[in-house]
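Below you'll find the structure, written out as structure tokens, and then a few comments.
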Amino acid sequence: MPLHRTTPGGFADVYTQPLSRVPLPKYRMPEHSSDPREVYELVRSELLLDGDASQNLATFCTTWSEPEVHALMNENIDKNMIDKDEYPLTAELESRCVHIMANLWHAPHERSTIGCSTTGSSEACMLGGLALHRRWRARRREAGLPADRPNLVCGPVQVCWEKFARYFDLELRQVPLEEGATGLRPHQLKDHVDENTIGVVAILGVTFTCAYEPVADIAAALDDLQRETGLDIPIHVDAASGGFVAPFVQPDLVWDFRLPRVASINTSGHKYGLTPLGVGWVVWREAACLPDELVFWVDYLGGNMPTFALNFSRPGSEVVAQYYTMLRLGREGYRAVQQSCLDTAAHLADRLAATGRFTLLHDGRGAIPGVSYTLADPGSPFSLYDLSDTLRMRGWQVPTYPLPPAQEQTVVQRALIRHGIGRDRISLFVDDLHWALTRLTTPPDDSKRRGFHH
Ligand SMILES: *Cc1c(COP(=O)(O)O)cnc(C)c1O
Numbered sequence: 000m001p002l003h004r005t006t007p008g009g010f011a012d013v014y015t016q017p018l019s020r021v022p023l024p025k026y027r028m029p030e031h032s033s034d035p036r037e038v039y040e041l042v043r044s045e046l047l048l049d050g051d052a053s054q055n056l057a058t059f060c061t062t063w064s065e066p067e068v069h070a071l072m073n074e075n076i077d078k079n080m081i082d083k084d085e086y087p088l089t090a091e092l093e094s095r096c097v098h099i100m101a102n103l104w105h106a107p108h109e110r111s112t113i114g115c116s117t118t119g120s121s122e123a124c125m126l127g128g129l130a131l132h133r134r135w136r137a138r139r140r141e142a143g144l145p146a147d148r149p150n151l152v153c154g155p156v157q158v159c160w161e162k163f164a165r166y167f168d169l170e171l172r173q174v175p176l177e178e179g180a181t182g183l184r185p186h187q188l189k190d191h192v193d194e195n196t197i198g199v200v201a202i203l204g205v206t207f208t209c210a211y212e213p214v215a216d217i218a219a220a221l222d223d224l225q226r227e228t229g230l231d232i233p234i235h236v237d238a239a240s241g242g243f244v245a246p247f248v249q250p251d252l253v254w255d256f257r258l259p260r261v262a263s264i265n266t267s268g269h270k271y272g273l274t275p276l277g278v279g280w281v282v283w284r285e286a287a288c289l290p291d292e293l294v295f296w297v298d299y300l301g302g303n304m305p306t307f308a309l310n311f312s313r314p315g316s317e318v319v320a321q322y323y324t325m326l327r328l329g330r331e332g333y334r335a336v337q338q339s340c341l342d343t344a345a346h347l348a349d350r351l352a353a354t355g356r357f358t359l360l361h362d363g364r365g366a367i368p369g370v371s372y373t374l375a376d377p378g379s380p381f382s383l384y385d386l387s388d389t390l391r392m393r394g395w396q397v398p399t400y401p402l403p404p405a406q407e408q409t410v411v412q413r414a415l416i417r418h419g420i421g422r423d424r425i426s427l428f429v430d431d432l433h434w435a436l437t438r439l440t441t442p443p444d445d446s447k448r449r450g451f452h453h
């Protein structure tokens with residue numbers, strides 16, 4: 000984008016124009032219009048002060064895409080996902096994506112399964128949760144039993160489940176994290192589920208630790224419970240990050256619709272689905288798992304179309320990008336991308352362990368490509384929060400946070416490896432980590448002198 004434009008008087012530099020000579024408006028829309036290139040440059044330059052997305056090791060979300068993805072999204076920027084009658088091909092691509100995911104996750108009949116795209120996993124989780132609730136309520140009412148105190152049982156879940164429970168007014172029973180655990184342990188379930196439990200959420204890629212919860216063992220524990228008590232409790236798998244990792248690089252791990260108890264699965268297309276931000280998915284095992292009462296028939300867009308979603312208008316371009324990415328990479332391509340991320344995560348885990356300063360909670364192997372760790376020395380002169388701050392001086396964003404109850408006294412740090420973060424970048428990160436550790440463990444006077452010599 001050129002920094003200057005042609006005016007009747009010749010070339011005008013953006014930074015000589017009126018808008019560049021004042022702080023940009025914060026509370027009131029300007030009275031007059033401005034040149035688009037000038038405004039573009041000023042807004043772009045303001046946004047440069049954001050952190051660099053490729054140094055953001057905190058996010059699971061896509062930060063790199065091929066130019067073809069940018070082109071397709073740009074060309075479809077005006078398509079509204081809800082206008083299924085006007086944009087039948089966009090709707091068709093959404094439907095293909097749902098069936099492909101149903102197949103990837105071993106649905107018994109991928110051709111007739113049901114699901115939809117969403118803005119992300121948060122919306123997808125809420126739709127999955129709502130379906131569980133309505134099915135439970137219908138069963139209770141049929142049996143003449145009270146249906147006013149539903150609960151949902153889970154381990155250390157992402158905040159969207161807490162939102163779901165609060166917004167839709169049901170009890171979230173979060174099973175406390177056991178010492179040394181990275182997620183829900185199946186033996187804990189029997190103390191938390193009861194006749195009012197609408198379902199159990201199992202997580203493929205726990206946000207706090209990166210580990211997978213053992214979905215098959217959770218299902219087996221619920222099978223035992225059913226034998227003992229008669230309670231038949233379905234599972235929703237929150238595979239926000241694992242749904243596009245496990246099928247490719249851990250194909251023998253049984254976590255999906257191969258388990259009859261799994262009623263629905265969500266994933267974030269914009270995480271390891273490798274699509275730019277703005278798309279998630281929820282797929283039900285079979286159409287009967289989605290109660291009719293949640294499906295709305297909309298006829299004012301032309302045609303009469305079923306919709307189930309919390310949003311109405313929503314961009315169609317993300318769905319187009321998801322379909323492109325699945326065709327472009329194929330199973331082979333996803334396998335290669337995820338394996339290379341896993342290799343880099345394992346490499347980072349080894350380098351972290353080699354410093355002798357960290358205890359790994361998740362070593363980058365066998366789950367999503369990331370590492371989580373605590374400080375090995377309880378008497379360490381610095382905290383992980385200090386380490387996050389120091390790494391930030393070199394542009395790296397690495398989050399530090401306490402584990403959920405009952406392990407909240409344990410503070411962990413987490414680094415995620417994604418598509419677009421190569422081995423070289425991680426080598427540079429490790430160099431900066433060593434620099435940060437030296438800085439944090441060197442008495443202040445010495446570090447000042449060192450800084451001076453630089
Ligand atoms: C990221 C995440 C979510 C929320 O997904 P969004 O796509 O950000 O809305 C839910 N659950 C888990 C396990 C996640 O990792």
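So in numbering that gives the first Met the number 0 the end of the sequence shown lands on 453, straight run, no missing numbers.
Beta carbons are placed, not taken as given, at the ideal position from N, Cα and C, and that holds for glycine.
Since this is a predicted model, take the numbers as computed values, not measurements.
Short Cβ contact (7 Å threshold) for residue i with residue j
{"i": "Val-370", "j": "Ala-405", "result": "no"}
{"i": "Leu-289", "j": "Ile-113", "result": "yes"}
{"i": "Glu-317", "j": "Gly-277", "result": "yes"}
{"i": "Gly-204", "j": "Ile-420", "result": "no"}
{"i": "Val-124", "j": "Cys-159", "result": "Before going further, note that residue 124 is Cys rather than Val in the sequence given. Taking 7 Å as the Cβ cut-off, Cys-124 and Cys-159 qualify as a contacting pair."}
{"i": "Val-319", "j": "Leu-103", "result": "no"}
{"i": "Gln-225", "j": "Asp-231", "result": "yes"}
{"i": "Gly-182", "j": "Gly-154", "result": "yes"}
{"i": "Leu-359", "j": "Ala-352", "result": "yes"}
{"i": "Gln-408", "j": "Asn-55", "result": "no"}
{"i": "Ala-258", "j": "Ala-220", "result": "Residue identity differs from the one stated: residue 258 is Leu in this sequence, not Ala. No, these two residues do not count as a Cβ contact at 7 Å."}
{"i": "Ser-240", "j": "Tyr-211", "result": "no"}
{"i": "His-132", "j": "Pro-145", "result": "no"}
{"i": "Arg-356", "j": "Ala-375", "result": "yes"}
{"i": "Arg-206", "j": "Gln-157", "result": "In the sequence under discussion, the amino acid at residue 206 is Thr, which differs from the Arg named in the question. Yes; because the gap between Cβ atoms is below 7 Å, this pair is in contact."}
{"i": "Arg-284", "j": "Phe-243", "result": "no"}
{"i": "Thr-324", "j": "Leu-273", "result": "yes"}
{"i": "Arg-184", "j": "Glu-178", "result": "no"}
{"i": "Ala-164", "j": "Leu-171", "result": "yes"}
{"i": "Leu-151", "j": "Ile-202", "result": "no"}
{"i": "Val-282", "j": "Val-411", "result": "no"}
{"i": "Leu-41", "j": "Leu-18", "result": "yes"}
{"i": "Ala-57", "j": "Pro-398", "result": "yes"}
{"i": "Leu-439", "j": "Asp-385", "result": "yes"}
{"i": "Ser-267", "j": "Gly-127", "result": "no"}
{"i": "Ile-81", "j": "Phe-311", "result": "yes"}
{"i": "Ala-101", "j": "Glu-109", "result": "yes"}
{"i": "Glu-30", "j": "Gln-16", "result": "no"}
{"i": "Trp-254", "j": "Val-200", "result": "no"}
{"i": "Gly-394", "j": "Asp-49", "result": "no"}
Rounded distance between the beta-carbons of residue j and residue i, thought under 8 Å
{"i": "Arg-330", "j": "Phe-247", "result": "6 Å"}
{"i": "Pro-275", "j": "Val-68", "result": "6 Å"}
{"i": "Leu-293", "j": "Leu-129", "result": "6 Å"}
{"i": "His-418", "j": "Thr-61", "result": "7 Å"}
{"i": "Ser-111", "j": "Ala-286", "result": "7 Å"}
{"i": "Leu-383", "j": "Phe-59", "result": "Leu-383 to Phe-59, Cβ: 19 Å. No contact."}
{"i": "Gly-315", "j": "Asn-79", "result": "6 Å"}
Unbroken alpha helix (DSSP H) run spanning residue i, endpoints
{"i": "Leu-221", "result": "214 to 228"}
{"i": "Val-192", "result": "Per DSSP, Val-192 belongs to no alpha helix (DSSP H) and is neither H nor E."}
{"i": "Arg-461", "result": "Residue 461 lies beyond the residue range present for the chain, which begins at 0 and ends at 453; the question has no answer from this structure."}
{"i": "Asp-116", "result": "At residue 116 the sequence reads Ser, which differs from the Asp that was named. Here Ser-116 belongs to no alpha helix (DSSP H); instead the beta strand (DSSP E) covers 113 to 117."}
{"i": "His-346", "result": "316 to 353"}
{"i": "Arg-36", "result": "35 to 46"}
{"i": "Ala-210", "result": "Element bounds for Ala-210: n/a, residue is neither H nor E."}
{"i": "Phe-311", "result": "No alpha helix (DSSP H) contains Phe-311, which DSSP labels as neither H nor E."}
{"i": "Ala-245", "result": "245 to 248"}
Delimiting residues of the beta strand (DSSP E) encompassing residue i
{"i": "Asp-237", "result": "234 to 237"}
{"i": "His-361", "result": "357 to 361"}
{"i": "Asn-73", "result": "Per DSSP, Asn-73 belongs to no beta strand (DSSP E); it is in the alpha helix (DSSP H), 66 to 74."}
{"i": "Gly-369", "result": "369 to 374"}
{"i": "Ser-263", "result": "261 to 267"}
Residue i CB to nearest heavy atom of ligand 3 below 6 Å
{"i": "Ala-344", "result": "No copy of ligand 3 occurs in the structure displayed; its ligands are ligand 1 alone."}
(Q) Taking 8 Å as the cut-off, does the segment 179 to 196 touch the segment 233 to 247 (at least 3 CB pairs, one atom from each stretch)? (A) no
Q. What are the start and end residues of each continuous alpha helix (DSSP H) run of 4 or more residues lying completely inside the segment 130 to 171, in chain order?
A. 158 to 166
Q) Taking one C-beta from the segment 345 to 363 and one from the segment 84 to 91 each time, how about it: are there three or more such pairs within less than 8 Å? A) no
**Q.** Inter-stretch contact at 8 Å, needing at least 3 Cβ pairs: the segment 387 to 396 / the segment 427 to 440
**A.** yes
Q: Could I get the ranges of all uninterrupted beta strand (DSSP E) runs contained in the segment 270 to 307, with 3 residues as the minimum, in chain order?
A: 279 to 283, 295 to 297, 304 to 306
Q) Whole beta strand (DSSP E) runs in the segment 380 to 433 with 3 or more residues, listed along the chain? A) 399 to 401, 410 to 415
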